[in-house]
Each structure stands twice: as structure tokens, then as C-alpha cells.
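A.B. asks: Supplied in C-alpha cells, the structure appears directly below.
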Amino acid sequence: MPRQPNHDSSNLLPITVLIAAKDERANIETCLDSLSSMSRIVLLDSHSQDGTAEIAQQRGIEVVQFDYSGGYPKKRQWALDQVPISTPWVLLLDADESLTPALVKEIAMAIESNAASDAYLICKGFHFLHRKFRFGGFSHSAVLLFKTGKARFECLLEDDPNALDMEVHERLIVDDTIGTLRNPLIHRDYKGLEAYVDRHNKYSTWEARVRARY
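In C-alpha cells:
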């Protein structure tokens, strides 16, 4: 069942949001709540066992299951290749990320401008244990919003079938101009410290393998 917006669909932004998820029951509703202005939302699920996909489906969100067997492409690039996208813009999010009203407004202004860039960097505003990083940690910008067909993930050789099934720090390569949005998104994980440490251990192992390879 398609998502039923609670307002005039003509006011929705012409953006397809691709949300990468696996076992994100604790986070997915906060993410979805921030996307009411988007015309299409697709959850890219890796066979979650905690009801993530069911929560999305109950809210009328499209769910696409991804099976990874190693190599390239990983989840997001696979979706860009395989999911038909008719909107002129694509936004990439993780299930533990959400948009602020200020960022939604800035996105709308950017894509409606006659001088719109082909892609936009968005800063990730990180939170840890429910508190925003002020002096420690890190926040970085990444290309997350782009015109359909204008960006593609770089291919880093990955021959381990047990590797992460989703792009971690692979960059999006953009064909043309890149702008920068001022307002950050919110990166907030409600799954707790143990899940945080486990995830970042996997990230650091992947990064070490990439550094050793190249």
C-alpha cells in the first residue's frame, strides 16, 4: 500500500528517499517522522529480524529487501541501479538519521532554484547517548542529495562475502557541480552503547582492510 500523505501531495518535494536499514526498530520511526515532505520513501532492508520492515510497511512505506553476496555494488549503489526512480532528486539516509525542519526548508529552496547544483553536501550532526557532540567526536559532510543519475559510489575492491553489505565511507562520485547545505541532519542512534561499539568495531576493521589494500 502506498504511503498516504496527510496533506496535499502537490506540496511534496520531488525527492526519492532511500533509507538503508538492518534491525533498526529503535530508530526507524524517528527517521520516517522527519520525511513527511518527501514524495517517495523506500526502505532498503537487509532482512531485519526485529520488525523494522513491518513498522515501515504499516506506515505505507515501500520496502525492498537486499541480499548481499560480496563485491560491488553494495546496498545503496544496488538500489540506485535496480530501484526505478522517477523523481528528479534522490536523498540517501541511514535509519538512525533524521531531517530537521530547517534542513527540509533549505533542501526545498536548493532544488527549486534555477541555479541548483547537481548534488549537495550535508553535514551529519552526531549525537551520542542522547546528547549532541559539542567539543568531541566528529561531524563530517557527505554528498547525500543529488539529481537522479548524477552520482555513483566509487568501487573499492571488496572480495569478502562476509563484509559489510552497505557503503560505509565510500564516496559518491558526482558528474558535475556540488553545493553545500548549511543545516545539518541529526544522526542519533537509540540502540545503546553495546550496539554502537559493535558497529564501530566493524567499521574500523573495514577501514583497516581498505588502507592495507590501497
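Under my numbering, the first residue of the sequence shown carries the number 482, and numbering increases by one thereafter. Glycine included, C-beta positions come from ideal geometry on N, C-alpha and C. Because the structure is a prediction, the values reported are computed rather than measured.
Of all the alpha helix (DSSP H) runs that stay within the bounds of the region 523-591, which reach a length of 4 or more residues?
C.D. replies: Fully enclosed alpha helix (DSSP H) runs of 4 or longer: 533-539 and 556-563.
A.B. asks: Got a sec, what are the start and stop residues for the alpha helix (DSSP H) T511 sits in?
C.D. replies: Here the alpha helix (DSSP H) through T511 covers I509 to D514.
A.B. asks: Tell me which residues share the same chain as D531 and place their Cβ nearer than 7 Å to its Cβ, disregarding the 5 neighbours each side in the sequence.
C.D. replies: The answer, listed in chain order, is D504 and R506.
A.B. asks: Let me make sure I understand the geometry here. Which of Y553, A560, Q558 and V571 has the alpha-carbon closest to that of L516?
C.D. replies: Minimum Cα distance to L516 is reached at V571.
A.B. asks: With contact counted as at least three CB pairs below 8 Å, one residue from each stretch, are the region 650-661 and the region 562-570 in contact?
C.D. replies: No contact exists between the region 650-661 and the region 562-570.
A.B. asks: Suppose you measure from the CA of A534 to the CA of D526; what does that come to, to the nearest Å?
C.D. replies: Looking at the two C-alpha atoms, the distance is approximately 7 Å.
A.B. asks: Buried or exposed: K556, going by 16 or more other Cβ atoms within 10 Å of its Cβ?
C.D. replies: Buried, by the Cβ-count rule.
A.B. asks: Going by beta carbon distance, what residues of the same chain come within less than 8 Å of M590, once the five residues before and after it are set aside?
C.D. replies: Excluding sequence neighbours, M590 sits near nothing in its chain.
A.B. asks: Which partner residues does T661 have in the DSSP bridge list?
C.D. replies: Paired residues: L602.
A.B. asks: Taking 8 Å as the threshold (C-beta atoms), are E543 and L524 in contact?
C.D. replies: Cβ atoms of L524 and E543: closer than 8 Å.
A.B. asks: Could you give the residue range of the beta strand (DSSP E) that holds K503?
C.D. replies: No beta strand (DSSP E) contains K503, which DSSP labels as neither H nor E.
A.B. asks: Rounding to the nearest angstrom, what Cα-Cα distance links G541 and S529 in this structure?
C.D. replies: So the two alpha carbons sit approximately 17 Å from each other.
A.B. asks: Take the Cβ of S579 as the centre, count every other Cβ of all protein chains shown within 10 Å, and call the residue buried at 16 or more, exposed below.
C.D. replies: By the neighbour-count rule (16 or more Cβ atoms within 10 Å), S579 is buried.
A.B. asks: Are I588 and L494 touching if we call contact CB-CB under 8 Å?
C.D. replies: In contact: I588 and L494 (Cβ atoms closer than 8 Å).
A.B. asks: If I'm right that L666 touches K605 with Cβ under 8 Å, what's the distance once you round it to whole angstroms?
C.D. replies: Confirmed, about 6 Å.
A.B. asks: Roughly how many angstroms separate the alpha carbons of I654 and N492, rounded to a whole number?
C.D. replies: Straight-line Cα distance between these residues: approximately 30 Å.
A.B. asks: What three-state label does DSSP hand S520 in the structure shown?
C.D. replies: In the structure shown, S520 sits in a strand (DSSP, three-state: E or B).
A.B. asks: CB D646 to CB K628, shorter than 8 Å?
C.D. replies: Not a contact, by the Cβ cut-off of 8 Å.
A.B. asks: Does DSSP put S491 in a helix, a strand or coil?
C.D. replies: Reduced to three states, the DSSP call for S491 is helix.
A.B. asks: Kindly identify the DSSP beta-bridge partner or partners of T497.
C.D. replies: T497 is bridged to R521 and V571.
A.B. asks: On the three-state DSSP scale, how would you describe A623?
C.D. replies: Strand, per DSSP.
A.B. asks: Decide if L596 is buried, meaning its Cβ has at least 16 other Cβ atoms within 10 Å, or exposed.
C.D. replies: Note that residue 596 corresponds to Ala in the displayed sequence, not to Leu. Label assigned to A596: exposed.
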